[in-house]
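Everything on this sheet refers to the single structure shown next.
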Amino acid sequence: MLKNSILYIIRLIVGGLFIFSGLIKVNDPVGTAIKLEEYFDVFSYDIAPFFEYFKAFALEIGVVMVVAEVVLGIMLILGVRLKFTVWALGLMILFFTFLTFYSAYFDKVTDCGCFGDAIKLTPWESFYKDVVLLVLIAVLFVFRNHLKSTKKTWAVWTVRISLLFSILLAVTAIRNLPFIDFRAYKQGVDIPKAMQPSAPLEYSYIMSKEGEEFVFDQYPSDESYEFVDMKLKNEEALPKISDFAVWNEEGDFTEEILSGDKLLVLVTYLSKINTSHLSEIDALVSGLGDSNIEVVLVAASSEEEIKGFLSEMGWDMESYQADATVVKTIMRSNPGVMLLKDGVVLKKYHYRNTPNVETVKSLY
């Protein structure tokens, strides 16, 4: 009796964590795909070149993975096909543990994306979390013959509905923007303010003298001490945004783009831009021509590509380059539209949901 109770508690903990993790990532499958691309890119250099092939299918792999997390978590809690579920979760956690260990030990991917952008974990924190889950699932695996599966109709149909619902959520999030935006550039964020520390940064200084190490809150004036290292004491005060910048061949224009009323047309790679809804964006750009809202193109592409694109579209506007990771973080569609007022994010739009001129004007 006690054994069954313990096993059920473990099922609740493991299943709950997988459901929680999966739902956060179902909310933003494109973000999961971006993280997988990082892993495949690293593996293609460090392990085997064939991992490069998987980058083209990162989104599809990501959707299967996050939906599986949700559905397997529900199956584990409800007791549906428990032996299969434990096997599947075991293989999945082995894969995750390998990824997080690789990230932590070799310092390759600094954020595993285990809980999307909602909860940030360091590589080692992610690894320790997966080790705990691995141990719990191992216990379930050892006692898998003691786990009794249910065949109750309501439980089976709950699993089926959760599968369909998770797929629907994932596809909807891909075709639009995440339902809940956990990123640093979400609606309402004051980007200039987020680029500043929330409090004065405090450091501790590790110094050495006669073979012995000392820690000081202030840099010692005694020159007999030799500097070893310095560590930030209040990491929570670090800027929420540290990598936002735009530029072109004339210089840096970060400060300019964060002032006044701006509409940013954001593009990751122009070579991969989706052209199916460019006519709507073109109509928006043309309609704002006589307004006080400045339209700007920001793309993670070369100057030549940007100039060629502007010429092709017939757009007369300022254009800037930006880091691809930053653009992907801001906007989960290629292209996408973001409205800024003195650096404050008013609204973001997937290209499928491009607003009309009147809607944009009403927001300023």
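Note that the sequence shown covers residues 1 to 364 in full-length UniProt numbering. Think of the CB as a built atom: it goes at the ideal place given N, C-alpha and C, for glycine as much as any other residue.
The closest CA to that of D290, considering only D316, E305 and A299, is found on D316. The secondary-structure analysis by DSSP pairs L346 with nothing; it has no beta-bridge partner. For V298, the enclosing beta strand (DSSP E) covers residues E294 to A299.
Ranked by Cα distance from V30, the first of F98, A104 and T329 is T329.
A buried status is given to H350, since no fewer than 16 other beta-carbon atoms sit within 10 Å of its beta-carbon. Taking all protein chains shown into account, M230 has fewer than 16 neighbouring C-beta atoms within 10 Å of its C-beta and is therefore exposed. The beta carbons of E318 and V296 sit closer together than 7 Å. With a cutoff of 7 Å on beta-carbon distance, D107 and V344 are scored as not near each other. Inclusion of V298 and L266 in the CB contact set at 7 Å is warranted, their separation being smaller than that value.
Going by DSSP, E52 is part of the alpha helix (DSSP H) stretching over F51 to F54.
Shown here for I137: same chain residues with a beta carbon closer than 8 Å to its own, the five before and five after excluded, namely V14, V86, L89, G90 and I93 in chain order.
Distances from the alpha-carbon of F127 to those of D117, V26 and T100 put T100 closest.
DSSP, read as helix, strand or coil, puts M230 in strand. Under the DSSP assignment, D261 falls outside any alpha helix (DSSP H), being part of the beta strand (DSSP E) whose first and last residues are D261 to V267.
Around the beta-carbon of T275, fewer than 16 other beta-carbon atoms lie within 10 Å, marking it exposed. A direct Cα-Cα distance of roughly 55 Å separates V80 from L310.
The continuous alpha helix (DSSP H) containing M92 extends over residues L82 to F106. One thing to note: A118 has its Cβ within 7 Å of the Cβ of F182.
Under the three-state reduction of DSSP output, W247 falls in the strand class. For F214, same chain residues with a beta-carbon under 6 Å away, outside a window of 5 residues either side, are M207 in chain order.
S166 carries a helical assignment under DSSP once its states are collapsed to helix, strand and coil. Going by beta carbons, M65 and V159 fall outside the 7 Å limit.
Between L147 and L78, the gap from beta carbon to beta carbon reaches 7 Å or more. Three or more beta-carbon pairs separated by less than 8 Å link the segment 22-29 to the segment 167-174, which places the two stretches in contact.
In the DSSP assignment, M317 falls outside any alpha helix (DSSP H), carrying neither H nor E.
Its chain contains F51 as the residues whose beta carbon lies nearer than 6 Å to that of F43, once the 5 sequence neighbours on both sides are disregarded; these appear in chain order.
By the beta-carbon neighbour count (other beta carbons within 10 angstroms, threshold 16), L284 is buried.
The beta carbon of S149 lies closer than 6 Å to those of G79, R81 and L82 in the same chain, with the five residues before and after it left out.
Taking 8 Å as the upper bound for CB-CB distance, L17 and L133 are in contact here, some 7 Å apart. Shown here, S204 sits in a strand according to DSSP, grouped into three states.
As computed with DSSP, I119 is found in a beta bridge with F115.
In terms of CA proximity to Y269, E305 leads the group V71, E294, E305 and E235. For V337, the three-state secondary structure derived from DSSP is strand. The alpha-carbon separation between A322 and L238 amounts to approximately 22 Å. A Cβ-Cβ contact shorter than 7 Å links L7 with F143.
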